[in-house]
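Heads up: the structure comes next, in C-alpha cells.
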Amino acid sequence: QLPQYLLEAGWAREGRVIACTQPRRISATSVAQRVAEEVGSVLGDEVGYTIRFEDLSDPDRTRIKYLTDGMLFRECMRDPLLSKYSVIMIDEAHERSAYTDLLLGVLKKIRRKRPSLRLVISSATLDASYFYDYFTSTPGTTPSTASNPDEATVVAYLQEPVSDYVREAAEVVKRLHVREGPGDVLVFLTGREEIDRCLDMLAEWIPTCALPFAHSQMSLVLTSRRMPKTALALHPLPLHAGLPAEDQQRIFDPSLPTSRKVILSTNIAEASITIDGIRFVIDTGLVKLRSWDALTGISRLVATPVSQASATQRAGRAGRTSRGVCYRLYTEEAFKGLERTTPPELIRTDLSLQVLQLKSLGIDNLNKFEWVTPPPAENLVRALEWLVACGALDSEGRMTQEGERMGEMALDLKMAKCLLASGEFKCGEEMLTIAAVTSVQDIFIIPEGQAGALAELERRKFTAQEGDHLTLLNGTGFNHPSYNAFVRQGRSSSSFCRAHAMNFRALSRAMSIRAQLKKYFLRWRIPLVSCEGDQQRLRKCLTSGYWRNAARIMPDGTWRGVRQETVLHCHPSSVLFTRRPATGWVVFHEVEETRTTNIRVLTEIDPDWYVLPPPPS
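Note that our numbering numbers the sequence shown so that position 397 is 400, with each residue one more than the last.
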C-alpha cells in the first residue's frame, strides 16, 4: 500500500516516478497487477513493471513502477543518479539478494548527491536497526519498526526426522485433505524435480479419468471415488521460477467452493506475494541456494537448511485471513539449531558480473565501495582474474569494449562471451537460440510413467549425439517444418509443442528473449550468420566461453573438472547420461547438488580446443 499512499501524497507529480523493487519477477508482476487494479489503472499505464526481458511500463505515463532489484541496478548504468525517481522502495530487503545489497551501496552514494531522493527499505523479518546503522551517516534517515507476530498460525513439528521429506509432504497433504475443513495448502519444496515428484504422488493417490497431467503447462483437479461425496476436490498447482509468468499467475485464481488448492512451491512463495485462502503450510525446511567455490570457479545449486527467519516467513503464509497451521517436517530441536538469517548472496556467489557492472558505474576501487556486508576478498580477486581472462578487463583492470558489452547484456558471463565470439566462429544464429533457450525453463516436458516414455521418444527425435546444447538447438531448429509453422503462427498455435512434448510457454518466452538479444547483435554490428550445420564451429564457440566449465570422464563413468578433483555426475536428463563421448571431454552449463554433484546441459568438445586462444576481437 505504501507506493499508493506516496502517489496520493504527490510524490509522483511533474513526471516523477515511485519505484519499488522486488527480489523476484513473480513478486514484481503480481504486486504490480494488484496495485493497478486497486488504483483503477490498466497495467502498464499508471502502474507498470519491468523484469528481465519484459517491460510493461510507459516512460511518459507510469507513475508507480515495480521492478526486480537487478533491473533497477541496470538502470543505474544508463542513469547513474536515477534522476527520474523521487522515491525508491527496496522491498524484502531481508532476503539480501546480490542486487539488493549492491543497490543499497549505490543508493547511499546517490543520496549524497541527491538528498531529495527518498529511500524506503522494507523488511519482514530483519531488525530495522541493521539497515539504519548502515545509513546513519546519511541525512534524513529514520527507522520505523512494526511487530506482526503470526499469532493466528499454529506451528507443529515432527517428533522424529524423516528420510524422504517429499513423500512425507505428500502424506501430510493427504491427511489434512481428508480430516480438515476448507482451506488451501502451500507446500515448500526445493525445486522443480521435487515439485513434479510430489505432484505425481498426489495424482497416484487420487486417480482421475481426466487428460494426462503435463507438469508446468496445466493443472488438474483431482477427485476420487474413495472420497465422500462431500469431500473437496484437490487442485494441485506448481510454482517455481522456471514457469512462465502466465502460469505463475494462476496460483492467485480463487479456489472454487468445491475444491482445495495445493500449491507446490519453491521459496519464491516465501515473501512478497500474498495468496489468499492459504490456511495450511507444509515446510520441508530446505531451500536451494547457489554457492560459489572460489578455488574451482564453479557455482553449485545446493539444498541447504532454511534459516529461522525464512521458517518464520513460511509459517506466516498461513492464517493471513483465518486461523492457520504450519506443519514443519523437522523437529523443534532442528529449528533451534538453524542459522538466524540466510547468508547474504554476495558472500556466497560468483561476483564477476557484479564487479563488471560496478566498473561500468565508474566504481573502480572495490575496497572503497560501501558494501552492506563485505564479500570475501578472495572472491573479489577471483572475479577480477576471471574478467581479465575472458577479455572483459585489460591487464590494468580497465574495462574493454567487450567488457562493456558483457555488462550491458547482463547474461551469465560465460554465455555472453559465447555470443560475442559467435561472429568470429560464424554461428551467431545458433548461439542466439542456445542463449535464449538456456535462459528459460526446460523446453522438453518429460513426465513420469507411460506418458513420460512417449515424451522421451519425441525428445529423441531432436537428440544430437554431441550433447545437450545442440539438442536444445534442434528442439528449436530453423529447418524443422513444424517449428517454422510454429514461428509463422506465433503464440496462436501450440500444435508443434503438443506433438513433440515441448513446453509451449517456455518456447514462446525463448523466442521473445532471442528477439531481444538479437537487437544487441544489430546495434553492435556483430555478424549474424548461421554455421550451416557445421557443429564443430558451434562447439568451439561454446568452449571459448565455457572453458572454466570443462570436465573429463573417468573410467568409472564419473567426471572431474579441470581445476579440481570433486566427483561430478552427469545429470539423468542429459543425452550424454547413457552415452560416453568419444573425446572424453565436455563443457557444461551448470552444477546442481542433490545426493550427488550433477553437471547439467553438457556438450562434447575436443580437448585440443581447450587451449585455443580466444578469437580476435
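Note that beta-carbon positions come from the ideal geometry of N, C-alpha and C, so glycine has one too.
Item: Do V284 and V309 have their beta-carbon atoms positioned less than 7 Å apart in this structure?; Value: no
Item: The alpha helix (DSSP H) spanning G563 covers which residue range?; Value: Sequence inspection shows Arg at residue 563; the Gly mentioned does not correspond to that position. Segment 562-564 is the beta strand (DSSP E) holding R563; no alpha helix (DSSP H) there.
Item: According to DSSP, simplified to helix, strand and coil, what is L85?; Value: coil
Item: For P231, is the classification buried or exposed, using 16 other Cβ atoms within 10 angstroms of its Cβ as the cut-off for buried?; Value: Any reading at P231 must be qualified, since the residue scores a pLDDT of 48, below 50, and its modelled position is unreliable; the value itself is stated next. It counts as exposed.
Item: Our contact map puts L202 next to L267 with C-beta atoms below 8 Å; I'd like the distance itself, whole angstroms only.; Value: 6 Å
Item: By alpha-carbon positions, which one of R303, H572, F76, L84 ends up nearest to I93?; Value: F76
Item: Which runs of the beta strand (DSSP E) spanning at least 3 residues fall entirely within the segment 25-62, listed in chain order?; Value: 50-54, 57-59
Item: Where do the ends of the alpha helix (DSSP H) carrying C544 lie?; Value: 538-549
Item: Contact defined as beta carbons within less than 8 Å: I believe E595 pairs with H574. What is the distance between those atoms, to the nearest angstrom?; Value: 7 Å
Item: Between P378 and L349, is the Cβ-Cβ spacing less than 7 Å?; Value: yes
Item: Do we get a CB-CB distance below 7 Å when we pair M412 with the residues of chain B?; Value: Absence of chain B from the displayed structure is noted, only one protein chain being present.
Item: Which two residues bound the contiguous beta strand (DSSP E) that contains I254?; Value: I254 -> no beta strand (DSSP E), and no H or E assigned at all.
Item: If we ignore side chains and look at the alpha-carbon of each, how far apart do N382 and N370 end up?; Value: 13 Å
Item: Between A392 and V158, is the Cβ-Cβ spacing less than 7 Å?; Value: no
Item: I need the boundaries of the beta strand (DSSP E) containing N552, first residue and last residue.; Value: Premise fails: N552 is in no beta strand (DSSP E) and is neither H nor E.
Item: Are the CB atoms of L161 and T334 nearer to each other than 7 Å?; Value: yes
Item: When we look at the beta-carbon of R27 and count the other beta-carbons within 10 Å, is it buried (16 or more) or exposed?; Value: buried
Item: What is the C-beta distance between V578 and H592, in whole angstroms, given that I count them as a contact (C-beta under 8 Å)?; Value: Not confirmed; about 13 Å, so no contact.
Item: Spell out the partners DSSP gives I21 in its beta bridges.; Value: I67, V90
Item: Taking the C-alpha atoms as reference points, what is the distance between A172 and D256?; Value: 23 Å
Item: Do you know whose CA, among T561, T586, Y613, lies nearest T599's CA?; Value: T561
Item: Could you tell me whether the Cβ atoms of E95 and A274 are closer together than 7 Å?; Value: yes
Item: Of all the options R542, R55, R551, E17, which has the alpha carbon lying nearest to the alpha carbon of A467?; Value: R542
Item: How about L122 and I67: do their beta carbons lie closer than 7 Å?; Value: no
Item: So, with DSSP's three-state summary, where would you put T376?; Value: coil
Item: Can you tell me where the alpha helix (DSSP H) with D199 in it begins and where it stops?; Value: 195-208
Item: Could you tell me which residues DSSP pairs with P575 in its beta bridges?; Value: Looking at the DSSP assignment, P575 forms no beta bridge with any residue, so it has no partner.
Item: Got a sec: does the ligand COA put a non-hydrogen atom nearer than 6 Å to the Cβ of S363?; Value: Ligands in the displayed structure: none, and consequently the ligand COA is not present.
Item: Could you tell me which of I209, L84, S132 sits nearest to I113, measuring between CA atoms?; Value: L84
Item: In angstroms with no decimal places, state the Cα-to-Cα distance between E98 and P558.; Value: 43 Å
Item: So, for G426: in the same chain, excluding its five sequence neighbours on each side, which residues have a beta-carbon less than 7 Å away from its beta-carbon?; Value: I529, P530
Item: Which residue marks the beginning of the beta strand (DSSP E) containing T307, and which one marks its end?; Value: 301-308
Item: Nearest CA to the CA of G322: which residue from D48, R115, T299, I278?; Value: I278
Item: Tell me which residue opens and which closes the beta strand (DSSP E) that S313 is part of.; Value: Segment 311-318 is the alpha helix (DSSP H) holding S313; no beta strand (DSSP E) there.
Item: Does Y160 come out as helix, strand or coil in the three-state DSSP assignment?; Value: strand
Item: So, helix, strand or coil for G394, using DSSP?; Value: coil
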